[in-house]
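Below you'll find the structure, written out as structure tokens, and then a few comments.
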Amino acid sequence: MKSYFGEGKDAREWEFAPKLVFARYDKFTERVETILELMETAMEFLKLEKIELGGIKGKQLSTQVVQLFDEFNAVYNTFTTRSYDPLDPSNPEFLEDYARFQEKIGDFDRRLATIICQGFDDCATTESVFKLLDIMGSLLDRELIKNDFECKYPTVIQMMSNELDIAKAIYDEQVALKKERGKARMHKNMPKVAGGLRWAHELRERISVPMKDFKHIEHSCMQGEDAKLVYTKYEEMLQLLNGWNDEVYSEWTAGVTEACSFNMSQPLIVRNEETKLITVNFDPQLTAVLREVKYLDESKEQEIPESAKGMFAKNDTLWRFVTNLDLTVHLYNKVRNTILEVEFPLVEGQLQDIDVQLEQAEKSLNWESDGVWDYIQKTRDQVIDLESRVQKAKDNVEEIKKLMSTWSKIPLFERKEDKHETLLNLDDRKERLEKRYSNIKDIGNKIHELLKNNLDFFKANANTDIWKAYVDYVDEMVVDGFFNTIHCSIKFVLDNTDPKVEVDPLFEAQLELQVPEMVFIPSLDYGVADGFYDLVDGLVGDIYKQASLIPRLAAHSGQENYQPDLEEMEELSDMRSELMDRINNIMNKAIEYRNSFDNYAYLWVDDRNEFMRQFLLYNHVLTQEEIEAHADDSVPENPPTLKQFKEQIDTYEKIYEEAEQIQPTRLFESWFRVNSKPFKQALLNTIKRWSYMFKQHLIDHVTNSLKELTDFIKTTDGGLEKPVEEGDYDGLVICMGYLLAVKDRQATTDEMFEPLKQTIELLKTYDQEMPEEVHLQLQELPEQWKNTKKIAITVKQQVAPLQATEVANIRRKTATFDVNQHKFREQFRTIPPFRYNCENPYESIDTYHLEIAEMEKEMAKLLDAAGLFEVNVPDFKQLKQCRKEIKLLKTLWDYIVMVRSSFEDWKTTPWKEINVEQMDMDCKKFAKDIRQLDKEMRAWDSYTGVEDSVKNMLTSLRAVSELQNDAIRERHWQQLMAATKVRFVMDNKNF
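If you number the sequence shown the way UniProt numbering does, the last residue is 991 and the count never jumps.
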């Protein structure tokens with residue numbers, strides 16, 4: 001109020017009581033202060049959301065902080081759900097909520113104080129302690145937290161004191177190390193002075209950073225003796241570190257000027273006379289000075305000497321000199337160290353030129369000479385050129401080695417799909433070879449191109465001996481590459497055919513039955529084209545052929561490719577011989593295995609049809625002795641019984657069971673597998689065919705017998721039921737035919753049913769079930785057969801009178817035919833073909849053949865009728881003899897015509913073209929064939945005529961042979977014409 005009225009004026013104070021006037025205002029102010037306190041508390045606890053503690057218990061404590069923050073939010077959010085106005089002093093609900101809030105906050109403060117104290121105890125360093133204090137900030141000023149944390153501040157002072165003690169111990173250790181060794185511990189890759197100063201800087205940082213935070217602590221203990229001692233230790237450490245820096249710097253500046261002036265006057269390089277190697281003569285002291293100046297200049301902490309500054313000013317130039325000289329020296333020494341004996345003659349002259357160039361740097365030039373940079377550039381370029389060419393040549397050689405090693409670890413032939421349990425993959429042999437051979441040819445072209453490039457790199461002459469020696473060196477690499485390539489492929493096969501090692505099968509042959517032989521595919525027999533031996537030998541040939549696909553690098557060797565060298569290598573030859581010996585051995589074993597099945601050969605060699613034919617006739621196969629014993633007459637037939645059928649079937653069933661035991665595969669020495677499945681299946685099928693042949697015969701016998709009897713009964717019953725009238729000859733013949741058929745088969749039919757039943761029962765034992773129709777027939781047919789026999793007896797009695805009449809008629813016709821055949825016989829014996837001079841024998845033979853055929857038809861009718869009516873008739877031998885002789889006449893006249901035509905042809909042959917020996921052989925053959933004709937012909941005139949003609953021709957041919965003698969002269973021909981009274985002209989054209 002006084003200030004309101006100003007100076008010199010009396011202040012007029014309120015005459016009313018303030019509490020009465022400002023009572024509501026005071027309540028409002030109090031409420032605002034309460035809300036402010038609420039907001040400040042909320043702001044402090046909301047900081048907990050971003051607090052995360054570290055250390056061993058950091059995760060656990062952080063979880064507790066998060067939980068505390070969540071609980072605070074839950075309490076704090078109760079104010080947001082209220083509908084009252086917190087600024088209304090007359091509303092007591094806010095104060096009630098605030099009171100409950102304060103109770104919770106008190107609990108939160110105590111829990112938070114516990115967490116902070118545990119976090120402090122978990123801090124191991126001053127850095128973590130000060131981070132904890134900084135994170136918690138104003139929370140530490142809360143009364144409950146402050147009371148609990150009060151005791152931790154002396155600990156902070158003690159930890160800071162210990163940190164300074166540790167820094168002092170580190171300093172003392174560094175000083176002692178320097179006195180003992182003459183040098184102190186410093187940063188890696190830093191120079192001595194800069195490293196020492198850097199060490200001191202980092203130690204100062206180690207104590208300064210926590211000291212800065214230490215000074216910011218506001219607590220009564222910071223005014224105590226312990227805190228003052230910490231400040232004293234800190235100041236002492238700073239003084240010690242400053243002294244360390246001064247000492248290190250002064251030691252360096254004492255000798256830097258002298259080191260710079262002396263070393264800059266040294267020659268650029270020096271050479272070792274023994275090894276001829278060179279080194280850059282840039283003293284390490286100069287390098288150290290430059291590095292020190294660089295780091296000191298960056299730190300700006302110390303004054304740099306003028307000499308060092310001046311040298312550092314040339315740093316870029318010296319760095320350029322040194323780096324280029326280092327490159328030159330490195331490349332030069334690399335050439336000297338890596339050059340091979342065979343390469344040295346190729347670059348010897350070029351190295352001498354470079355050595356002349358280097359003499360200046362060894363003797364006259366130093367680091368401050370004029371024109372040093374131009375000299376370094378020229379020398380560098382010269383060395384780089386040589387080294388790059390030599391290196392390219394070496395790279396090419398290495399590339400050649402690499403190219404030649406392409407196939408040294410991959411066999412030409414491998415197992416299928418790279419699986420160990422599969423056979424050698426030969427399905428894609430052609431494609432594999434084409435791919436490998438094409439690859440080798442491409443690489444061969446590349447190798448020749450690389451060698452040609454090396455000729456340019458070495459700047460050599462292709463006709464010189466030193467270049468040829470180098471080519472031989474590279475050529476030997478190619479030989480070694482092919483050796484490894486071939487060795488790899490053959491070794492793969494040898495490793496997988498080693499009888500001493502258990503390996504999976506590598507090769508396989510199938511044993512098949514190709515009647516009449518058992519054969520292996522591929523063939524394991526010796527000397528067979530495309531057999532297993534040829535297959536393996538071909539594979540080895542394919543392997544060796546790889547060496548023939550690259551033209552020889554050393555053309556001066558006289559060989560076109562590398563295969564001859566590889567074939568002469570003893571190691572490869574021994575491997576090849578060993579492999580082929582294994583192949584021979586395994587082939588012998590497999591053939592022995594195949595021969596073990598020879599006892600089954602008869603199953604596919606013997607003719608089943610012929611076997612069955614003889615078995616059905618004689619119940620066994622005839623032996624040679626039996627055939628010879630019955631040479632003149634046929635072997636008596638003896639059909640097999642059902643028991644003998646069973647024996648045959650059982651025999652083959654037993655053989656089948658035995659054959660089933662044959663293993664489908666057989667291993668020899670573990671690497672060669674014989675697949676017997678095709679043979680086994682074929683053998684089993686063959687055995688089954690034999691067994692089935694007998695079973696099928698029995699089945700057919702039962703089926704056909706019943707069917708034939710059924711058809712017979714049906715036909716016969718139908719025929720016998722037709723009435724026969726008197727005078728109906730055709731009806732009578734048909735009826736008699738049915739009666740005769742019933743009579744002929746009565747005995748066999750009566751006895752057939754029981755054997756058929758036995759046959760069916762036998763077939764059941766072999767799982768051969770007959771159709772239901774057969775069983776039905778077997779039940780019904782006996783009764784039907786009995787009925788047929790009854791019908792036949794009845795009909796026979798009915799036609800007996802007609803039969804007697806027809807018998808008399810047949811006998812009369814027979815007598816008449818017998819007389820006629822005798823007359824025909826007498827006439828037949830006089831026909832012209834029996835005489836040699838017959839002119840048209842074939843016409844006569846044809847005429848009488850037709851007459852005989854007509855009489856044979858008539859005879860056949862008589863015989864059929866006689867058989868039907870049970871009449872005995874003669875054999876009509878005269879007619880049969882005519883038939884026989886007409887056939888003999890035809891055969892004889894065929895020979896007569898052949899002989900006559902041959903003789904006529906010979907008569908037209910010019911004298912000089914007559915081949916007496918061939919004609920004589922033909923005549924003898926004619927005579928032999930004629931003598932082998934039927935003996936009945938020898939009494940015939942036609943036979944004696946042709947025989948005499950052949951004999952006369954043989955006699956004539958002997959005379960012709962004598963006349964063809966070279967000793968015959970013209971006078972002899974004249975004498976011959978006089979004796980024979982035949983004239984002929986001997987000219988070259990017609991004679």
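Even glycine gets a Cβ: it sits at the ideal position worked out from N, Cα and C.
Bear in mind the structure is a predicted one, so any value in this text is a computation, not a measurement.
The beta-carbon separation of Val209 and Ile157, rounded to 17 angstroms, does not stay under the 8 angstroms limit for a contact. Per the C-alpha coordinates, the member of Asn561, Gln624, Trp467, Thr279 positioned closest to Val342 is Trp467.
Proximity of the segment 505 to 512 to the segment 441 to 460 falls short of the contact definition, fewer than three beta-carbon pairs being nearer than 8 angstroms. A direct Cα-to-Cα measurement between Asn281 and Ile269 gives close to 5 angstroms. Taking a cut-off of 8 angstroms for Cβ pairs, the segment 481 to 489 and the segment 537 to 550 touch, as three or more such pairs fall below it. Following the DSSP letters along the chain, one finds Ala682 inside the alpha helix (DSSP H) bounded by residues 677 to 720. Per DSSP, Thr126 has no beta-bridge partner at all. Annotated three-state conformation of Met770 is coil, per DSSP. Judged by DSSP secondary structure, Thr34 falls within the alpha helix (DSSP H) whose first and last residues are 23 to 46. Taking the Cα of Arg613 as reference, the smallest distance to any Cα among Phe817, Lys491, Glu637 is reached at Glu637. By a beta-carbon distance limit of 8 angstroms, Ser949 contacts Val899. Their separation comes to about 6 angstroms. Leu241 and Trp199 have their C-alpha atoms roughly 10 angstroms apart. Here the C-alpha atom of Asn77 lies approximately 20 angstroms from the C-alpha atom of Leu112. In terms of Cα proximity to Met953, the closest of Gln663, Ser902, Met237 is Ser902. As for any alpha helix (DSSP H) of minimum length 4 sitting wholly inside the segment 363 to 405, the runs are 372 to 404, ordered along the chain.
For Thr279, DSSP records a beta bridge to Val270.
Runs of the alpha helix (DSSP H) spanning 4 or more residues and lying entirely within the segment 96 to 160 occur at 126 to 136, 143 to 149, in chain order. Phe712 is the residue among Tyr692, Asp767, Leu763, Phe712 whose C-alpha sits nearest the C-alpha of Asp744.
The C-beta distance from Val66 to Ile115 rounds to 11 angstroms, too long to meet the 8 angstroms contact threshold. Residue burial is scored here from C-beta neighbours: Ala547 has at least 16 other C-beta atoms within 10 angstroms and is therefore classed as buried.
When only Cα atoms are considered, Gly531 and Lys491 end up about 22 angstroms apart. The beta carbon of Arg883 lies closer than 6 angstroms to those of Ile852 in the same chain, with the five residues before and after it left out. For Val519, the uninterrupted beta strand (DSSP E) run begins and ends at 517 to 521, by DSSP. Taking the CA atoms as reference points, Ile655 sits about 25 angstroms from Arg673. Phe672 has Phe507, Phe668 as its beta-bridge partners, per DSSP.
As the crow flies, the alpha-carbon of Lys435 is around 10 angstroms from that of Lys441. Per DSSP, reduced to three states, the secondary structure at Leu426 is coil, with no helix or strand assignment. In this model, Lys925 and Gln821 are separated by some 39 angstroms (Cα to Cα). In the structure shown, Gln514 falls within a strand segment according to DSSP collapsed to helix, strand and coil. Trp690 is the residue among Leu53, Trp690, Asp941 whose C-alpha sits nearest the C-alpha of Glu610. Among the bridge pairs identified by DSSP, Arg415 is matched with Leu424.
Of the other Cβ atoms in all chains shown, 16 or more fall within 10 Å of the Cβ of Thr328; this residue is therefore buried. Per DSSP, Ile930 is one residue of the alpha helix (DSSP H) stretching across 916 to 931. The residue among Phe520, Arg552, Ile649, Tyr562 with its C-alpha nearest the C-alpha of Ile586 is Phe520. Between the segment 669 to 689 and the segment 785 to 798 there are fewer than three C-beta pairs closer than 8 angstroms, too few to call the two in contact.
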